[in-house]
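Engineer: Here you go, one structure.
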Amino acid sequence: MSYDLVIVGAGSVGVPTALAAARRGLSTLVLDPCASPGQGDHKRAIGGVRATHSEPAKIRICLRSIRIFSEWKEREGDDLGFRKGGYLFVVYRAPDEKMLKDLLVIQKAQGLNIDWVPPEQVCDLVPGVNTTDLLGGTYSPEDINVSPLRCASAFYFAARRAGAEFRFRERVTGIKVADGKVEAVCTDKGQYATRHVLNAAGADAVEVGRFAGIELPVFPDSHEAGITEPVARLFDPLLVDIRPSPGGKNCYFYQNSENRIEFCLTPDPLVPGTNREPTSEFLPLMARRMVGILPRLASVRVRRTWRGLYPQTPDGGPIVGSAETPAGYHYAVGMCGQGFMLGPGLAEDIVSLIAEGKPVTDPEIFRSFRLDRDFGKTEKLK
Ligand SMILES: Cc1cc2nc3c(=O)[nH]c(=O)nc-3n(C[C@H](O)[C@H](O)[C@H](O)COP(=O)(O)OP(=O)(O)OC[C@H]3O[C@@H](n4cnc5c(N)ncnc54)[C@H](O)[C@@H]3O)c2cc1C
């Protein structure tokens, strides 16, 4: 069997890329050791999608993702659990106000609809919000949230309708190279001839890079999240609190299309490694943080917590491109905490890179994702 493109990993990046590739007429095969799409870290994402980054390439790509998610129901018919609730960074400390106001300059220059809002407007957006020391916030009304579980299935079936093939319970174990070019992908079940392979293996990107002799600086770390029972609608935006607290850095939460509150906390210190077992420390920490911001959440019952991995890079930005050798080896890895929101928009860049040698995003801007960049700078809103 021979394919134009073999994608390693049916996750946040691999599935939308399969759809874009098949629609472009490339014969495409996706391989994954799990039993169905999105079973890696995709299903562990809580569904926040924002274009309000500080890095221009991420802004452009997430704007494209937002367009794709927004038009999905009309074009494809599936309900993705879409809500346009915006993002609201609530601010209680003067240095945070300055940092976020400084970022507004970059964000507005990229054409984003985002602004500083005073405390009264924060109270309108989030009735019952804690107003002690509240200084205001940055609000971007066009950011959205969608269900990662619904998206995995919708994008998967759309990719199959477009002609992409998927083989589950099949792990990629090697890549055959001849004359400096990719020749085939080997798995624990067989071998597939192809001219192009895409490493979209998320937290396992390093291993899949080494199959072709490519070192990728991707370091997974563990993050926990949870979801409550459904309750009456309390607020619309996804709230982000960037203050540190014992055991946690920033935290974010929102009320999804089923009226359940989904929440996530960046642990402090970070927990490097691949542990996906939830802890008993997370919920008390997170509950204190959320109730501190929105006291009326105190009586809402939590249904479930879980833990997953952010495939991190040293500077918080993804690594996307094509290797010089072997020719035909491409990578879209290191999505950090944003692979779900980047996936659909990035898919169009990846397919264009493979088919035409350049992304659809302005190549000058896209350069910030290069593997040979200076990883010394860190993004402000990772
Ligand atoms: C708690 C939590 C909350 C999050 N919230 C958000 C959010 O709100 N918004 C957002 O944008 N992001 C969020 N993320 C981050 C997001 O989940 C990840 O960035 C994203 O899933 C990474 O996408 P990926 O395609 O690189 O990896 P994955 O989606 O993990 O896909 C990689 C796939 O590769 C497969 N694979 C691995 N090795 C092989 C192999 N050898 N052969 C074949 N297949 C292989 C895996 O089985 C997996 O299915 C969150 C993450 C966590 C943990």
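Residues in the sequence shown are numbered consecutively from 215, following my numbering. Glycine residues also receive a C-beta, built at the ideal position from the N, C-alpha and C atoms. Note that this is a predicted model, so its numbers are computed, not measured.
Please classify Gly506: does DSSP put it in a helix, a strand, or coil?
Structural biologist: Gly506 falls in the helix class under three-state DSSP.
Engineer: Distance cutoff 8 Å, beta carbons only. Does Lys591 sit that close to anything in chain D?
Structural biologist: Annotation note: the requested chain D is absent from the structure, which comprises a single protein chain.
Engineer: Output yes or no for whether 8 Å exceeds the beta carbon distance between Gly461 and Asp435.
Structural biologist: Not a contact, by the Cβ cut-off of 8 Å.
Engineer: In angstroms, rounded to a whole number, what distance separates the CA positions of Ser447 and Phe296?
Structural biologist: At residue 447 the sequence reads Arg, which differs from the Ser that was named. Approximately 15 Å, taken between the alpha carbons.
Engineer: Any heavy atom of ligand 1 closer than 7 Å to the CB of Glu472?
Structural biologist: Every heavy atom of ligand 1 is 7 Å or more from the Cβ of Glu472, so no.
Engineer: Excluding the 5 residues flanking Arg515 on each side, which residues of the same chain have their C-beta closer than 8 Å to its C-beta?
Structural biologist: Excluding sequence neighbours, Arg515 sits near Thr442, Glu443.
Engineer: Label Pro509 either buried or exposed according to how many other C-beta atoms from any shown protein chain fall within 10 Å of its C-beta, with 16 as the threshold for buried.
Structural biologist: With fewer than 16 Cβ atoms within 10 Å of its Cβ, Pro509 is classed as exposed.
Engineer: Take the Cβ of Gly535 as the centre, count every other Cβ of all protein chains shown within 10 Å, and call the residue buried at 16 or more, exposed below.
Structural biologist: Looking at its Cβ environment, which holds 16 or more other Cβ atoms inside 10 Å, Gly535 is buried.
Engineer: With respect to 7 Å, is the separation between the Cβ of Ser226 and the closest non-hydrogen atom of ligand 1 below this value?
Structural biologist: The answer is yes for Ser226.
Engineer: Taking Gly252 as the reference, give the member of Ile275, Thr346, Ala376, Ala414 with the closest Cα.
Structural biologist: Ranking the options by Cα distance to Gly252, first place goes to Ala414.
Engineer: For Val420, report the span of its alpha helix (DSSP H) as first-last.
Structural biologist: From DSSP, the alpha helix (DSSP H) with Val420 extends over 419 to 424.
Engineer: Counting only the same chain and skipping the five closest in sequence on each side, list residues whose C-beta sits under 6 Å from that of Val422.
Structural biologist: These residues qualify, in order along the chain: Val222, Asn413, Ala415.
Engineer: Quick one: give me the first and last residue of the alpha helix (DSSP H) that Leu233 is part of.
Structural biologist: 228 to 237 is the span of the alpha helix (DSSP H), which, as asked, contains Leu233.
Engineer: Of all the beta strand (DSSP E) runs that stay within the bounds of the region 520 to 566, which reach a length of 3 or more residues?
Structural biologist: You should have 533 to 536, 543 to 547.
Engineer: Is any non-hydrogen atom of ligand 1 found closer than 7 Å to the C-beta of Ile260, if you look at the structure I gave you?
Structural biologist: Yes, ligand 1 has a heavy atom inside 7 Å of this Cβ.
Engineer: Which residue from Cys550, Tyr468, Val399 puts its Cα closest to that of Ile358?
Structural biologist: For the residues Cys550, Tyr468, Val399, the minimum Cα distance to Ile358 belongs to Tyr468.
Engineer: In the DSSP output, which residue or residues are listed as bridge partners for Asn413?
Structural biologist: Val222, Tyr545, per the DSSP bridge assignment.
Engineer: Tell me the rounded alpha-carbon separation between Pro433 and Leu567.
Structural biologist: Checking the sequence, you will find Phe at residue 433 rather than Pro. Computed Cα separation, rounded: 25 Å.
Engineer: Which whole-angstrom value is the C-beta distance of Glu562 and Ala234, which I expect to be below 8 Å?
Structural biologist: 5 Å between Cβ atoms; contact.
Engineer: Closest to Glu384 by CA distance: which of Pro247, Val399, Tyr524, Ser216 is it?
Structural biologist: Measuring from the Cα of Glu384, the nearest candidate turns out to be Pro247.
Engineer: Any heavy atom of ligand 1 closer than 7 Å to the CB of Gln253?
Structural biologist: Checking every heavy atom of ligand 1 against the Cβ of Gln253, one is found closer than 7 Å.
Engineer: Tell me, to the nearest whole angstrom, how far the beta carbon of Ala537 is from that of Ala398; I am working on the premise that it is less than 8 Å.
Structural biologist: About 16 Å; that fails the 8 Å criterion.
Engineer: Please identify the residue among Thr480, Asp418, Asp393 whose C-alpha is closest to the C-alpha of Pro540.
Structural biologist: For Pro540, the nearest C-alpha among the options comes from Asp393.
Engineer: With Ser361 and Ser471 assumed to form a contact (beta carbons below 8 Å), what rounded beta-carbon distance in angstroms separates them?
Structural biologist: About 7 Å separates the two Cβ atoms, so the contact holds.
Engineer: Might you give, ordered along the chain, the residues of its own chain that have their beta carbon closer than 7 Å to the beta carbon of Phe369, omitting 5 neighbours on each side?
Structural biologist: Closer than 7 Å at Cβ, skipping near neighbours: Val229, Pro230, Leu233.
Engineer: Specify the secondary structure class of Tyr370 as computed by DSSP and reduced to three states.
Structural biologist: Note: Tyr370 maps to helix in three-state DSSP.
Engineer: Determine whether the beta carbon atoms of Ser250 and Phe371 lie at a separation below 8 Å.
Structural biologist: Not a contact, by the Cβ cut-off of 8 Å.
Engineer: With hydrogens ignored, establish whether the beta-carbon of Leu523 is closer than 7 Å to any heavy atom of ligand 1.
Structural biologist: Yes, Cβ of Leu523 sits closer than 7 Å to a heavy atom of ligand 1.
Engineer: Got a sec: does ligand 1 put a non-hydrogen atom nearer than 7 Å to the Cβ of Ala439?
Structural biologist: Because some heavy atom of ligand 1 lies under 7 Å away, the Cβ of Ala439 counts as near it: yes.
Engineer: Please work out which residues of its chain come closer than 7 Å, Cβ to Cβ, to Arg584, disregarding the five sequence neighbours upstream and downstream, and give them in chain order.
Structural biologist: Only Gly535 meet the Cβ criterion.
Engineer: For Val565, count neighbouring C-beta atoms within 10 Å of its own C-beta (all shown protein chains included) and say buried if the count is 16 or more, exposed if not.
Structural biologist: Burial call: buried.
Engineer: Which runs of the beta strand (DSSP E) fall wholly inside the region 436 to 476 and span at least 3 residues, in chain order?
Structural biologist: Whole beta strand (DSSP E) segments, 3+ residues: 452 to 455, 462 to 469.
Engineer: Do you know whose CA, among Arg490, Leu511, Ala501, Asp529, lies nearest Leu523's CA?
Structural biologist: Of the listed residues, the one whose Cα sits closest to Leu523 is Arg490.
Engineer: On a CA-only basis, which of Met215, Pro577, Leu511 is nearest Val340? Give me that one, please.
Structural biologist: The shortest C-alpha separation from Val340 is found at Leu511.
Engineer: Quick one: residues in its chain with C-beta nearer than 8 Å to the C-beta of Arg457, no 5 flanking neighbours on either side, listed in chain order?
Structural biologist: Tyr306, Arg307, Asp310, Asn464, listed in sequence order.
Engineer: Is any heavy atom in ligand 1 found nearer than 7 Å to the beta carbon of Arg510?
Structural biologist: Result no, Cβ not under 7 Å from ligand 1.
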